[in-house]
Amino acid sequence: MKNMGLIPKLIIGIIVGVIIGLTMPDHVGRVLYTFTQIFGQLLGYIVPLIIIGFIIPGIAELGEKAGKLLGATAAIAYASTVLAGIAAFIISSLIIPAIVTEGAVAAESSGIKPILELNIPPIMGVMTALVTAFIFGLGINFLRHQEAKTALFDFMEEFRAIIVMFIKNVIIPLLPIYIAGIFANMAAEGDAFATLGVFAQVFALILVMHIGYLIAIYVVAGMRSGKNPFTSLKNMLPAYATALGTMSSAATIPVTLRSAKTNSISERVADFVIPLSATIHLAGSTMTLVACSVAVLAMNGLSPNFSEYLPFILLLGVTMVAAPGVPGGAVMAALGLLSSILGFTEAQIGLMIGLYMAQDSFGTACNVTGDGAIAIIVDSFYKKEAA
843 MKNMGLIPKL
853 IIGIIVGVII
863 GLTMPDHVGR
873 VLYTFTQIFG
883 QLLGYIVPLI
893 IIGFIIPGIA
903 ELGEKAGKLL
913 GATAAIAYAS
923 TVLAGIAAFI
933 ISSLIIPAIV
943 TEGAVAAESS
953 GIKPILELNI
963 PPIMGVMTAL
973 VTAFIFGLGI
983 NFLRHQEAKT
993 ALFDFMEEFR
1003 AIIVMFIKNV
1013 IIPLLPIYIA
1023 GIFANMAAEG
1033 DAFATLGVFA
1043 QVFALILVMH
1053 IGYLIAIYVV
1063 AGMRSGKNPF
1073 TSLKNMLPAY
1083 ATALGTMSSA
1093 ATIPVTLRSA
1103 KTNSISERVA
1113 DFVIPLSATI
1123 HLAGSTMTLV
1133 ACSVAVLAMN
1143 GLSPNFSEYL
1153 PFILLLGVTM
1163 VAAPGVPGGA
1173 VMAALGLLSS
1183 ILGFTEAQIG
1193 LMIGLYMAQD
1203 SFGTACNVTG
1213 DGAIAIIVDS
1223 FYKKEAA
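Residue numbers (our numbering): 843 to 1229.
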């Protein structure tokens, strides 16, 4: 069990949760759901710390990069992420409400009552954490670039390391139990099977959107560079396959680099763009987060609103900067935006985590494969200037 991957553990958690909710809701179910309630409070507490721990060092680290290449890569990566998110919203808002049944509603606490409830308030609000992170991240970046002061940067790197350690050793290992409690509650209310049916269809839709996005960005890269887009995309398949296994853009960097260089990208551009894109380009993850959140809203009878989703997508592209190379890093970074902008409840966030984590590896694979297209585009600018 210890060596089992996260996805099998989540599947087992869902199955066990449904069985407990159907057969033992008043005994084992109450104990399990008590844990879920407390764990949900812990997630709410750590969200502002995740935002600060990810964004400040992520922005501060950009000061180490070269000027023109940094600007071009960051602009293209951010544009790709935002446009992918907007496209995912349009497609999801048209398709997902039609496949959601009335029975698939995210369960609140009316199904199983916890034995006790523990309130763990966060040390600051989500928007306060975002503004604080931007101010300190930009400030540290400036100081490092101008005066080489590193004390605060070193502190924030250690702070991030602690948050990453907490996510790896506490949050991720306990997620299957948390998800089990949510599905136990849903099973007790009779919503579990309808929800799982929706999950399967949303999962298929997300994969189709990933494929469509990759074809589109490689066509753009081909138009810019003159390379055959489908040959370039085929050359990146080793990186895609590796990311499916690692579930981490950072861990896949060596393979992504090797695959990108087979597309005749200059050594300097590839060595710069690929590692940087691994931390700032998350188009696949953004598409997944948008589609999953639309599904969760639809399962609660709510209609997605573009005026709410646009700031969510714009901030998502920044909030996930330097998300750690651990499974689920993107959704952990997005929890604050889900609650503050989209108004997600604790039960909805639990469903969101379950739905996202079930296909996290495919989102990561889409991210790293898209990095290869960004490298081709940046390389075309670089070669044009050198000519």
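In this text, a Cβ means the ideal position worked out from N, Cα and C, and glycines have one as well. All of these numbers come straight from a predicted model, not from anything done at the bench.
Spatial neighbours of residue i in its chain, beta-carbon cut-off 7 Å, leaving aside the 5 residues before and after
| i | result |
| --- | --- |
| Leu994 | Ile982 |
| Tyr1020 | Thr878, Phe881, Gly1192 |
| Phe1025 | Ile856, Gly859, Val860, Gly863, Ala1034 |
| Ile1053 | none |
| Lys851 | Pro1018 |
Exposure of residue i, with buried meaning 16 or more beta-carbon neighbours within 10 Å
| i | result |
| --- | --- |
| His869 | exposed |
| Val1050 | exposed |
| Met1174 | buried |
| Gly859 | buried |
| Arg1002 | buried |
| Met998 | buried |
| Lys1225 | exposed |
| Asp1202 | buried |
| Asn1077 | buried |
| Asn1209 | buried |
| Gly1178 | buried |
| Thr1073 | exposed |
| Ile1048 | buried |
| Leu885 | buried |
| Ala948 | Residue confidence for Ala948 is low, a pLDDT of 47 falling below 50, so the modelled location carries little weight and cannot support an answer. |
| Asp984 | For clarity, residue 984 is Phe in the given sequence; the question names Asp instead. So Phe984 counts as exposed. |
| Ala917 | exposed |
| Leu960 | exposed |
| Pro1015 | exposed |
Distance between residue j and residue i (C-alpha atoms, nearest Å)
| i | j | result |
| --- | --- | --- |
| Phe1204 | Gly900 | 24 Å |
| Ile857 | Pro1071 | 42 Å |
| Val1220 | Gly895 | 29 Å |
| Val1138 | Ser934 | 11 Å |
| Ala1200 | Gln988 | 44 Å |
| Ser1090 | Leu1079 | 16 Å |
| Met1028 | Ala1176 | 24 Å |
| Lys1103 | Ala1172 | 27 Å |
| Leu980 | Arg986 | 10 Å |
| Pro800 | Tyr920 | Because residue 800 is not part of the residues shown, which for the chain are 843 to 1229, the question remains open. |
| Ala946 | Gly1039 | Its pLDDT being 49, under 50, Ala946 is placed unreliably in this model, and the value from its coordinates should be taken loosely. Each residue's Cα considered, the two are about 8 Å apart. |
| Ile902 | Arg872 | Per the sequence shown, residue 902 should be read as Ala rather than Ile. The alpha-carbon atoms of Ala902 and Arg872 are separated by roughly 45 Å. |
| Ile1009 | Pro963 | 18 Å |
| Arg1247 | Ile1116 | Outside the displayed span of the chain (843 to 1229) sits residue 1247, for which this structure offers no information. |
| Val942 | Met1141 | 6 Å |
| Ile1218 | Leu1152 | 28 Å |
| Val1061 | Thr992 | 42 Å |
| Cys1134 | Val1044 | 7 Å |
| Ile1057 | Gly1068 | 15 Å |
| Leu1263 | Leu891 | Outside the shown range of the chain, which is 843 to 1229, sits residue 1263, and nothing can be said about it. |
| Thr1094 | Ile1122 | 15 Å |
| Leu925 | Gly1185 | 23 Å |
| Gly967 | Gly1064 | 44 Å |
| Gly1143 | Ala929 | 22 Å |
| Phe976 | Ile854 | 39 Å |
| Ser1108 | Thr1130 | 31 Å |
| Ser1106 | Phe931 | 34 Å |
| Tyr1055 | Asn1147 | 22 Å |
| Ile1004 | Gly913 | 30 Å |
| Leu1075 | Ile1195 | 30 Å |
| Ala1046 | Val973 | 36 Å |
Pair within 7 Å by beta-carbon distance, residue i and residue j
| i | j | result |
| --- | --- | --- |
| Thr1082 | Ala971 | The sequence shown places Tyr at residue 1082, not Thr. No, Cβ-Cβ distance for Tyr1082 and Ala971 is not below 7 Å. |
| Leu1193 | Met1162 | no |
| Phe1041 | Leu1197 | yes |
| Tyr887 | Gly1023 | no |
| Arg1066 | Ser1222 | yes |
| Ile938 | Pro867 | no |
| Gly1159 | Thr865 | no |
| Leu1118 | Thr915 | yes |
| Gly927 | Thr1128 | yes |
6 Å Cβ shell around residue i - same chain, five flanking residues per side excluded
| i | result |
| --- | --- |
| Ile1059 | Gly1212, Ala1215 |
| Val1097 | Pro1080, Ala1081, Thr1084 |
| Leu1086 | Ser1203, Ala1207 |
| Gly1126 | His1052, Gly1205, Cys1208, Asn1209 |
| Val1132 | Gly927, Ala930, Phe931 |
Sequence-distant residues of the same chain with beta carbon closer than 8 Å to residue i, five excluded per side
| i | result |
| --- | --- |
| Met969 | Ser1182 |
| Asp1113 | Leu1099 |
Cutoff 7 Å: residue i Cβ touching any chain D Cβ
| i | result |
| --- | --- |
| Ile862 | Structure shown: chain D not included; a single protein chain is present. |
Item checked: Start-end ranges of the beta strand (DSSP E) lying completely within the segment 1177-1225, minimum 3 residues -> none
Next item on the list: Kindly provide the ranges of any alpha helix (DSSP H) runs that are 4 or more residues long and lie completely inside the segment 1041-1115, ordered along the chain.
Entry: If we require 4 residues or more, the alpha helix (DSSP H) runs fully inside the segment 1041-1115 come out as 1071-1077, 1079-1088, 1095-1103.
Margin query: Quick check for students: name the residue ranges of the alpha helix (DSSP H) that lie wholly in the segment 962-1012, counting only runs of 4 or more.
Written below: 968-988, 993-1008
Item checked: Complete runs of the alpha helix (DSSP H) confined to the segment 918-948 [at least 4 residues] -> none
Margin query: So within the segment 858-907, which uninterrupted alpha helix (DSSP H) runs reach at least 4 residues, ignoring any that extend past its ends?
Written below: 870-903
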